[in-house]
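Q: Following this message is one structure expressed as structure tokens.
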Amino acid sequence: MSNKLLEIKNLTTSFRIGDDYYAAVDDVTLTLNKNEVLGIVGESGSGKSALAFSIMRLHNRAKIEGSVLLNNQDIVNMPTTNLNKLRGDDMAMIFQDPLTALNPLMEIGEQIGETLLLHNPRMTQKQRKLRVIELLNLVGIPRPEYVFEQFPHELSGGMRQRVVIAIAIANDPELLIADEPTTALDVTIQAQILDLIRKLKNEMNAGIILITHDLGVVAEMADRVAVMYAGQIVEIAEVHTLFENPLHPYTKSLLNSVPTEGQDKLHVIQGIVPSLKNLPRKGCRFAARIPWIDASAHEENPVLHEVELGHFVRCTCHAHFYFSDESKEDEKNGIS
Amino acid sequence: MAFLEVKDLQVYFPIKGGFFNRTVGHIKAVDGVSFSLEQGKTYGLVGESGSGKSTTGRAIIGLENVTSGQVLFEGKDITSMKSKTKDLRKDIQMIFQDPYSSLNPKKRVLDIIAEPLRNFENHSKQEEKKQVQDLLELVGLSPESIFKYPHQFSGGQRQRIGVARALALKPKLIIADEPVSALDVSVQAQVLNFMREIQDQLNLTYLLISHDLGIIKHMCDHIGIMYKGRYVEEGTKDEIFTNPHHIYSKRLVAAIPDINPRMREKQYRYRQEVQEEYNQSYNDYFDQEGLAYSLQSISDTHKVALPKRG
């Protein structure tokens, strides 16, 4: 019990379009333990970043329902002054694009120092500088004293992302949310940044939520994985289970569309991800992408079923899903 | 005769500065690159951002000025702008990275795809429409969509429109610069499958530029790896992925995340070994300026940048 760091219950985040609210994150329930990496996978528009922003309460004008408990403190209903004490201290976020996440007019040292200053006002300037240099060393930036006085535009993409990470870990957060931390980076730098995140997890005993669309990154980093589609979690399992025994049609299709050894043709999911306004509000949201499956296979109101310990799948359609059926259906309709 | 031959290509960009904005130096974006393509095959150009892979592609099609070197297309020199006659420009087409910014939002699909046709061929309105519809069908879009605008399509569909435009003049060579990196995995699969299909149908040759080694592995027959404007290694797909020689290629191959979580530890250790080797033998593979040496053949198809012996 004491190991539980973050508890999300029935979180729904809705945005207003016109006169109506549309849920980008729909009834998400998750837990995260200390020293655990939870991977969240999904395509663009699946609501994974909206979920991260909801946990940090960074949305400006969204309606958030449900509860987010960090160490048993409710974040959703917390007054902003208290929240500001938590953000950057107990919980922190690594953003996707390091260039927009950094202030272009501020020296690197000052930017990292700002986070320290806000949460430890009694720290002297000298102490702060020492800590910033320590952080720069920790994230593997060479010549930290020199970088301290540089501006973001003088650094390469990989170095900038390290600065963003340094800011996030400045106050040893217990919860670290990494939103596509390596998407903007080259593979060799990606490998280094992932190593760094792994090291931080082990050294600081932090809980990490890793949001990505790259299944390889998830396979390398995560302990547990949640797959999101159209705002909902469709499958959640321990990482080995998910990659070896995926159940939900969407998880299976995603895994099959990644190029791997000896694969001649990649799997293509029919149709497109529905936009927020056009989400089917009833029934299985993935049904439109697997039209060859009989409607009776879907649940009316799909819920997550625990198929084995810790392995949850939404809707019953997975039991009727076979890739081979799709091509049979195509032949019947005269499409080759 | 090679289908396309690039000989010692150099593209330098001037650095302006000082008094009267004179040229004070050069950035060597592409520095002595040579390779050749076979017809009907896919050649992959890999490298990190800033390695000069895109500049190489753009120089071949004539979007960058070549500083020195030669580009031979079916034996004809197409290096200088003057020699790029109309016919040649028809034969080489390009697919761009971002399907959101490479299509004019104010034009209808008909006008986007017909633009190359209008430049080179004289068709009546009817013929043109017919051709555009055929092209749309070829890329798997409904022929009725000719009067739609780009924003009415999804990312994958837009990239197909980009492909249809590139195919309009029946080119022989297509230069695809990161054709799928802006797309989601499942849409990416769609575009890659489709590129392969039309390759077989139309006997196309691809020069595929990408930083994603998974895609390169899936698509390419031959691969060249670039680093700081130079080639570090060139070979067939198997040679590069199972037997990389240059320390930089090894590092690049080791950095690909493995899709099997059980391989995690192994991959991690392998990566560390490679990193150690990289640190130790850096000076054996790169000269004082940190650039790769020139290529030496180690088998018929496999070339590695190594210092000259003796």
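Going line by line, the protein sequences match chains F and R.
Residue numbers for the first sequence follow the UniProt record's numbering, so the first one is 1 and each next one is one higher.
Residue numbers for the second sequence follow the UniProt record's numbering, so the first one is 1 and each next one is one higher.
We put the CB at the ideal spot given by N, CA and C, even for glycine.
Residue 257(R) touches chain F at which residues, Cβ-Cβ below 9 angstroms?
A: Counted from its first residue, the second sequence places residue 257(R) at position 257. The answer, in chain order, is 187, 190, 191, 194, 214, 215, 216, 217, 218, 219, 220 and 221.
Q: At 3 residues or longer, what runs of the beta strand (DSSP E) sit wholly inside the stretch 91-116 of chain R?
A: The stretch 91-116 of chain R contains these whole beta strand (DSSP E) runs: 92-95.
Q: Residues of chain F with CB under 8 angstroms from residue 175(R), in chain order?
A: To locate residue 175(R), count along the second sequence from 1; it is residue 175. Chain F residues near residue 175(R): none, gap ~21 angstroms exceeds 8 angstroms.
Q: So which residues of chain F does residue 184(R) contact, with C-beta pairs closer than 7 angstroms?
A: The residue you call residue 184(R) lines up with position 184 of the second sequence. Under the 7 angstroms cutoff, chain F gives 43, 44 and 213.
Q: Check residue 316(F) in the structure and name its three-state DSSP category.
A: For the purposes of this step, residue 316(F) is taken as residue 316 along the first sequence, with counting starting at 1. DSSP places residue 316(F) in coil when its eight states are reduced to three.
Q: Are three or more beta carbon pairs between the stretch 159-172 of chain F and the stretch 188-208 of chain F nearer than 8 angstroms?
A: Cβ pair count under 8 angstroms is three or more, so yes.
Q: Can you pull out the residues from the stretch 193-222 of chain R whose beta carbon lies closer than 7 angstroms to at least one beta carbon of chain F?
A: Answer set for the stretch 193-222 of chain R: 193, 211, 213, 214, 215, 217 and 218.
Q: Let me see if you follow: with CB-CB separation under 7 angstroms, is residue 243(F) close to chain R or not?
A: For this step, residue 243(F) is matched to residue 243 along the first sequence. With 7 angstroms as the cut-off, residue 243(F) counts as an interface residue toward chain R.
Q: Please list, in chain order, the chain R residues whose beta carbon lies closer than 7 angstroms to that of residue 38(F).
A: Looking up residue 38(F) in the first sequence gives position 38. Ordered by position in chain R, no residue passes the 7 angstroms Cβ test against residue 38(F), which lies about 14 angstroms from the chain.
Q: Given that a residue counts as buried once 16 or more other Cβ atoms are within 10 Å of its Cβ, and exposed if not, what is residue 285(R)?
A: On the second sequence, residue 285(R) is found 285 positions in, with the first residue counted as 1. Buried, because 16 or more other Cβ atoms sit within 10 Å of the Cβ of residue 285(R).
Q: Please confirm if residue 337(F) has its CB atom under 7 angstroms from at least one CB of chain R.
A: Given a span of 1 to 336 for chain F in the structure shown, any question on residue 337(F) remains unanswerable.
Q: Express the C-alpha separation of residue 10(R) and residue 174(R) in angstroms, rounding to a whole number.
A: Here the question's residue 174(R) lines up with position 174 in the second sequence. Here the question's residue 10(R) lines up with position 10 in the second sequence. Distance between the alpha carbons of residue 174(R) and residue 10(R) is about 21 angstroms.
Q: According to the neighbour-count rule (16 or more other Cβ atoms, all chains shown, within 10 Å of its Cβ), is residue 280(R) buried or exposed?
A: If you number the second sequence from 1, residue 280(R) lands on position 280. Label assigned to residue 280(R): exposed.
Q: Going by the DSSP bridge assignment, what does residue 77(R) pair with across the sheet?
A: One-based indexing of the second sequence puts residue 77(R) at position 77. For residue 77(R), which the question treats as bridged, DSSP gives the partners 72(R).
Q: Tell me which residue opens and which closes the alpha helix (DSSP H) that residue 101(F) is part of.
A: Position 101 of the first sequence holds residue 101(F). Taken as a continuous stretch (DSSP letters only), the alpha helix (DSSP H) holding residue 101(F) covers 98-101.
Q: For the stretch 255-278 of chain F, which residues have a CB atom closer than 9 angstroms to at least one CB atom of chain R, in sequence order?
A: Answer set for the stretch 255-278 of chain F: 255, 256, 257, 258, 259, 260, 261, 263, 264, 265, 266, 267, 268, 269, 272 and 273.
Q: Please list, in chain order, the chain F residues whose beta carbon lies closer than 9 angstroms to that of residue 276(R).
A: Counted from its first residue, the second sequence places residue 276(R) at position 276. Going along chain F, no residue has its Cβ under 9 angstroms from residue 276(R), so there is no contact; the nearest lies around 14 angstroms.
Q: Return the CA-CA distance between residue 13(F) and residue 45(F), expressed in angstroms with no decimal places.
A: Within the first sequence, numbered from 1, the residue matching residue 13(F) stands at position 13. Within the first sequence, numbered from 1, the residue matching residue 45(F) stands at position 45. Approximately 14 angstroms, taken between the alpha carbons.
Q: Using 7 angstroms as the threshold, is the C-beta distance between residue 141(F) and residue 147(F) below it?
A: Locating residue 141(F) in the first sequence gives position 141, counting from the first residue. Locating residue 147(F) in the first sequence gives position 147, counting from the first residue. Against a cut-off of 7 angstroms, the Cβ pair of residue 147(F) and residue 141(F) comes out as a contact.
Q: Looking at the structure shown, is residue 145(F) part of a helix, part of a strand, or coil, going by DSSP?
A: Taking the first residue of the first sequence as 1, we reach residue 145(F) at position 145. Helix at residue 145(F).
Q: DSSP state of residue 294(R), grouped into three classes?
A: Against the second sequence, residue 294(R) aligns to sequence position 294. Residue 294(R) falls in the coil class under three-state DSSP.
Q: Pick from 120(R), 114(R) and 59(R): whose alpha carbon is nearest that of residue 130(R)?
A: Position 130 of the second sequence, counting from 1, holds the residue named residue 130(R). Per the Cα distances, 114(R).
Q: I'd like to know whether the C-beta of residue 189(R) is nearer than 7 angstroms to at least one C-beta of chain F.
A: As a position in the second sequence, residue 189(R) is number 189, starting the count at 1. Judged by the 7 angstroms Cβ criterion, residue 189(R) is in contact with chain F.
Q: Can you tell me whether residue 195(F) is helix, strand or coil according to DSSP?
A: Numbered from its first residue, the first sequence carries residue 195(F) at position 195. Residue state, collapsed to three classes: helix.
Q: Tell me the rounded alpha-carbon separation between residue 135(F) and residue 296(F).
A: On the first sequence, position 135 is the one that residue 135(F) refers to. On the first sequence, position 296 is the one that residue 296(F) refers to. One C-alpha to the other measures close to 56 angstroms.
Q: Report yes or no: do three or more beta-carbon pairs, one from the stretch 198-215 of chain R and one from the stretch 45-58 of chain F, lie closer than 8 angstroms?
A: Segments in contact, no.
Q: Could you pull the start and end residues of the beta strand (DSSP E) that residue 189(R) belongs to?
A: Working through the second sequence from its first residue, we reach residue 189(R) at position 189. Here residue 189(R) belongs to no beta strand (DSSP E); instead the alpha helix (DSSP H) covers 185-202.
Q: Is residue 261(R) close to chain F, meaning its C-beta is less than 7 angstroms from at least one C-beta of that chain?
A: As a position in the second sequence, residue 261(R) is number 261, starting the count at 1. It does; some Cβ of chain F falls within 7 angstroms.
Q: Short of 6 angstroms in beta carbon distance, which residues of its chain neighbour residue 288(F), apart from the five on each side in sequence? Order them along the chain.
A: Locating residue 288(F) in the first sequence gives position 288, counting from the first residue. For residue 288(F), where only same-chain residues beyond five positions count, the Cβ hits under 6 angstroms are 271.
Q: Name the residue from 295(R), 52(R), 7(R) and 291(R) whose alpha carbon lies nearest to the alpha carbon of residue 72(R).
A: The residue given as residue 72(R) occupies position 72 in the second sequence. Ranking 295(R), 52(R), 7(R) and 291(R) by Cα distance to residue 72(R) puts 7(R) first.
Q: Please look up how many angstroms separate the CB atoms of residue 345(F) and residue 210(F), rounded, as I've assumed it's under 8 angstroms.
A: Here chain F covers residues 1 to 336 and nothing more, so residue 345(F) does not appear.
Q: Should residue 237(F) be labelled buried (16 or more other beta-carbon atoms within 10 Å of its own) or exposed?
A: One-based indexing of the first sequence puts residue 237(F) at position 237. Result: buried.
Q: Rounded to a whole number of angstroms, what is the C-alpha to C-alpha distance between residue 278(R) and residue 251(R)?
A: Here residue 278(R) refers to the residue found at position 278 when the second sequence is read from its first residue. Here residue 251(R) refers to the residue found at position 251 when the second sequence is read from its first residue. Their backbone Cα atoms lie some 8 angstroms apart in a straight line.
Q: Helix, strand or coil, according to DSSP, for residue 179(F) in the structure here?
A: Residue numbering aside, residue 179(F) sits at position 179 when the first sequence is read from its first letter. Reduced to three states, the DSSP call for residue 179(F) is strand.
Q: Check the Cβ-Cβ distances between residue 48(R) and every residue of chain F, and say whether any is below 7 angstroms.
A: Counting from 1 along the second sequence, the entry for residue 48(R) is found at position 48. So yes, residue 48(R) belongs to the interface.
Q: Who are the Cβ neighbours of residue 155(R) in its own chain at under 8 angstroms, not counting the five residues just before and after it?
A: Within the second sequence, numbered from 1, the residue matching residue 155(R) stands at position 155. Excluding residues within five positions, the ones whose Cβ falls inside 8 angstroms are 99, 100, 182, 183, 184 and 187.
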